[in-house]
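Trainee: Shown below is the structure under consideration.
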Amino acid sequence: MTQTDATTGRHFLFLQGPHGPWFHALAGLLRAAGGKVWRVGFNFGDRVFWPGPGYIAFKDRHEAWPTTCADLMARHGITDLVVYGDTRPIHAKAIALAQARGITVHVFEEGYLRPYWVTYERGGANGHSRLMALTVPQMQEALARVDLDLPDTPATWGDMRQHMFWGAIYHGCVALGLRAYANFHPHRTLTVGQEFLLYLKRFFMMPVHRLERRLATRRIRRGGFPYHLAILQLEHDASFRDHSPFTTM
């Protein structure tokens, strides 16, 4: 079976994706392989990064989303739901509807090595991942049966300039379009304006932060003392709020 054969006849419903044009590019590949694609947008940022056909604007109140989503799934004969993160309220409600209807749920999520990779799982990610039903020995056994030949990390791994750029553009568009999407509320506790200013500040402060990291790294490497590296999640991350036993970082 070819990739086109596997995609022909499939109807994909995209919800919110990562900042930037990646979701739109993915949809183009699915269309080229024979699938049909629609995208629901909840703010002007979603609209800007989906310039092609198949865009559906949701401008109603949040309480109306489950009914609207169910209607879209039935009207377009949706076979596949595509989301970026599975815990934000609009995604969680859509996933519940999809699973009740036998619709395949594709969940993308931020990877640990950002911004060059994302994770992909069917059904759910993080605390909703099917990995949660496996023991560590079972995971090890499964990994032993798969090809782990992965591409090398790019030499510029950790360079977040492009990531911050798309984030600032997206949140700027969200702020500009609040009149048209008056009922939109971010899934985070920050307001639209706060999100935009935060990304803008991060973008312009990147040279300073880069210098601070280099100085801190040199101090640790030359310190002659043992140290541990701990990877922490962002406090406002939806997965942290929904799956962690902690309330703050």
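For the sequence shown, the working numbering assigns the number 327 to the initial residue and increments by one for each residue that follows.
Beta carbons are placed, not taken as given, at the ideal position from N, Cα and C, and that holds for glycine.
Computed from a predicted model, the values in this text were never measured in an experiment.
1. Is it buried or exposed, GLN535, if we count other Cβ atoms within 10 angstroms and call 16 or more buried?
2. Below 8 Å on the Cβ atoms is my guess for VAL433 versus ALA451; work out the distance and round it to an integer in Å.
3. Starting from ALA383, trace the beta strand (DSSP E) in both directions and tell me its first and last residue.
4. If you count every other CB in all the chains shown that lies within 10 Å of the CB of THR413, and 16 or more means buried, which is it?
5. Quick one: using the 10 Å Cβ neighbour count with 16 as the cut-off for buried, is MET490 buried or exposed?
6. Pick from PRO415, ALA542, ALA383, VAL408: whose alpha carbon is nearest that of PRO392?
7. Cα separation between GLY371 and ALA542?
8. Is it right to say HIS345 is buried, meaning 16 or more other beta carbons lie within 10 angstroms of its own, or is it exposed?
9. Does the pairing of the stretch 369-385 with the stretch 500-509 give three or more beta-carbon distances under 8 Å?
10. Would you give the residue range spanned by the alpha helix (DSSP H) that TRP492 belongs to?
11. Which class does TRP443 belong to by DSSP, given the choice of helix, strand or coil?
12. Roughly how many angstroms lie between the CA atoms of TRP364 and GLN342, to the nearest whole one?
13. Could you tell me the alpha carbon to alpha carbon distance between HIS569 and GLU435, rounded to whole angstroms?
14. Contact defined as beta carbons within less than 8 Å: I believe VAL444 pairs with GLY437. What is the distance between those atoms, to the nearest angstrom?
15. Between LEU457 and ILE429, which are expected to be in contact by the criterion C-beta below 8 Å, what is the C-beta distance as a whole number of angstroms?
16. Could you check which residue in PHE349, TRP348, ALA351, ARG357 has the C-alpha nearest to that of THR333?
17. Give me the Cα-Cα distance between MET575 and ALA564, rounded to the nearest whole angstrom.
18. Assign HIS417 to buried or exposed, taking buried as 16 or more other Cβ atoms, counted over all protein chains shown, within 10 Å of its Cβ.
19. Note down, one range per segment and in chain order, each beta strand (DSSP E) of at least 3 residues found wholly within the stretch 346-372.
20. Pick helix, strand or coil for THR430, following the three-state DSSP scheme.
21. Skipping 5 residues on each side, what residues in its chain have a beta carbon closer than 6 Å to that of ARG528?
22. Compute the Euclidean distance between the alpha carbons of GLY403 and HIS337, then round it to the nearest angstrom.
23. Can the beta-carbon of ALA426 be found closer than 8 Å to that of CYS395?
24. My output table needs one value for PHE572: the three-state DSSP class, helix, strand or coil.
25. What do you get for PHE530, buried or exposed, if any count of 16 or more other CB atoms within 10 angstroms of its CB means buried?
26. Excluding five sequence neighbours on each side, which residues of the same chain lie with their C-beta closer than 6 Å to the C-beta of GLY380?
27. Per the DSSP calculation, PHE338 is bridged to which residue(s)?
Mentor: Well, looking at it:
1. Correcting the residue type first, residue 535 is His in the shown sequence and not Gln. With fewer than 16 Cβ atoms within 10 Å of its Cβ, HIS535 is classed as exposed.
2. About 5 Å separates the beta carbons of VAL433 and ALA451, which is inside the 8 Å limit, making them a contact pair.
3. Element bounds for ALA383: 381-383.
4. Counting Cβ neighbours within 10 Å, THR413 comes out buried, since at least 16 surround it.
5. Counting Cβ neighbours within 10 Å, MET490 comes out buried, since at least 16 surround it.
6. Taking only the C-alpha atoms, the option nearest PRO392 is PRO415.
7. Going by the C-alpha atoms only, they are around 36 Å apart.
8. Taking all protein chains shown into account, HIS345 has 16 or more neighbouring C-beta atoms within 10 Å of its C-beta and is therefore buried.
9. Output reads yes: the stretch 500-509 touches the stretch 369-385.
10. Looking at the DSSP string, the run of the alpha helix (DSSP H) that includes TRP492 is 487-502.
11. In the three-state reduction of the DSSP assignment, TRP443 falls in the coil class, being assigned neither a helical nor a strand state.
12. Annotation: TRP364 to GLN342 spans about 12 Å, alpha carbon to alpha carbon.
13. HIS569 and GLU435 have their C-alpha atoms some 15 Å from each other.
14. With 8 Å as the limit, VAL444 and GLY437 qualify as a contact, their Cβ atoms being about 5 Å apart.
15. Distance from LEU457 to ILE429 at the Cβ level is roughly 21 Å; contact not present, criterion being Cβ atoms closer than 8 Å.
16. It is ARG357.
17. Straight-line Cα distance between these residues: approximately 13 Å.
18. In summary, HIS417 is buried, with 16 or more beta-carbon neighbours lying within 10 Å of its beta-carbon over all protein chains present.
19. List check, beta strand (DSSP E) in window: 362-367.
20. DSSP places THR430 within a strand segment (E or B) once states are collapsed to three.
21. Sequence-distant partners of ARG528 (beyond 5 residues in either direction) whose C-beta falls short of 6 Å from its own C-beta, in its chain, are MET490.
22. Just so you know, the alpha carbons of GLY403 and HIS337 end up roughly 7 Å apart.
23. No, the Cβ-Cβ distance between ALA426 and CYS395 is not below 8 Å.
24. Residue state for PHE572 is assigned as coil, using DSSP reduced to three classes.
25. It counts as exposed.
26. Closer than 6 Å at Cβ, skipping near neighbours: VAL363, TRP364, ARG365.
27. DSSP lists VAL363, ASP406 as the beta-bridge partner residues of PHE338.
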